[in-house]
Amino acid sequence: MTSFTFFKRPQSILAALALVAGVFLSGPTFAQAPASGASAAAVAAPASEVAPAPAAAPAPVADATTTKETVDNPYGLGALWAQGDFVSRFVLILLVLMSLGSWYILLTKLFESFKLSKEAKSVRNTFFKSVSLNEGVKTLKPNGAFRFIAESGIQAGDHHEGSLTDNIDRNTWVTMGVQRSVDDVRNRLQDGLGFLATVGSTAPFVGLFGTVWGIYHALTAIGIAGQASIDKVAGPVGEALIMTAIGLAVAVPAVLGYNWLVSRNKVTMEAVRGFGADLHGILMGAKIGARR
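Be aware that the sequence shown starts at 21, since it is given in our numbering, and climbs by one per residue.
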């Protein structure tokens, strides 16, 4: 691990303390110098004459440390929450919740998409090189999308006879089973994308509503004051601009994440559909009995 920066600060602190101590210790020496000179003059002069005391030098103004006054921003986020009414606070809370929800869905879906893409690459090297269907299913990741499709196809082929599905030929029934499992995987990938689309399309208007409400407060303050002074207008207008900025900051990541996930899911679903088609061919092939 790298050492932290503040481990080097004691040396500078000791140097500063030594400098301050030197200043304070050198003070009495300067004060004693005139006194020594005065005593020497008193010895040289006659005892009856008293030497006049030297004029005291004006004390320097203590201006060593200058403190900067910190001016708080009266129109920041803190002022927006403290001075805002119920409507302003509700709009701000709504935008924060929309932002948190969109980021949670975005990160979760990114993780799922990367996970499914990695699983699709490993399927080509494991499943299709197995000697039997059961052995191939064991190579798939438990609780994974590809294993779910494979088990659904096998179950559709095993439970075809002895029910109302006797009127459906085996090929059609297995095809329907595999297609339903592929659709389930697609629906799982699309979960949450509607929320991202909703946030991306409505967050700017929610921020715009806060803007309109802030301008309304500005006009009200001007009407009460009777004059359009800058101090009466700056606060509500600044509040309105903050709402607009927050609305855009919430909407832009949601829109970008939605478009990126949609394009990535298309590529991932191509691999899933290809696996489903290959699985259907294996189930309907001549080596169906080898899987039992």
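Even for Gly, the Cβ is constructed at its ideal location relative to N, Cα and C.
The structure displayed is predicted, hence computed values, not measured ones.
{"Asked": "Would you identify the three-state DSSP class for residue 232, choosing helix, strand or coil?", "Found": "helix"}
{"Asked": "Looking at the secondary structure, which residues open and close the alpha helix (DSSP H) in which residue 196 lies?", "Found": "190-210"}
{"Asked": "Can you tell me whether DSSP reads residue 150 as helix, strand or coil?", "Found": "coil"}
{"Asked": "Could you name the residues of the same chain whose beta carbon sits closer than 8 Å to that of residue 333, not counting the 5 residues immediately before and after it, in chain order?", "Found": "Nothing can be reported for residue 333, as the shown portion of the chain is limited to 21 through 312."}
{"Asked": "Cα-Cα, which of 281, 169, 178 and 189 is closest to residue 204?", "Found": "169"}
{"Asked": "Kindly confirm or deny that the region 230-244 and the region 116-128 touch, where touching means at least three C-beta pairs closer than 8 Å.", "Found": "no"}
{"Asked": "I need the boundaries of the alpha helix (DSSP H) containing residue 178, first residue and last residue.", "Found": "165-178"}
{"Asked": "Which same chain residues end up closer than 7 Å to residue 59 when comparing Cβ atoms and leaving out the 5 residues on each side of it in sequence?", "Found": "Residue placement at residue 59 cannot be trusted, given a pLDDT of 44 that sits under 50; the coordinates are not used to answer."}
{"Asked": "Are the CB atoms of residue 143 and residue 160 nearer to each other than 8 Å?", "Found": "yes"}
{"Asked": "Using the C-alpha atoms, what's the distance from residue 285 back to residue 207?", "Found": "11 Å"}
{"Asked": "For the region 272-281 against the region 208-225, are there 3 or more C-beta pairs whose distance is under 8 Å?", "Found": "yes"}
{"Asked": "Can you have a look at residue 147 and say buried or exposed, based on whether 16 or more other CB atoms are within 10 angstroms of its CB?", "Found": "buried"}
{"Asked": "Is the separation between the beta-carbon of residue 271 and that of residue 219 shorter than 8 Å?", "Found": "yes"}
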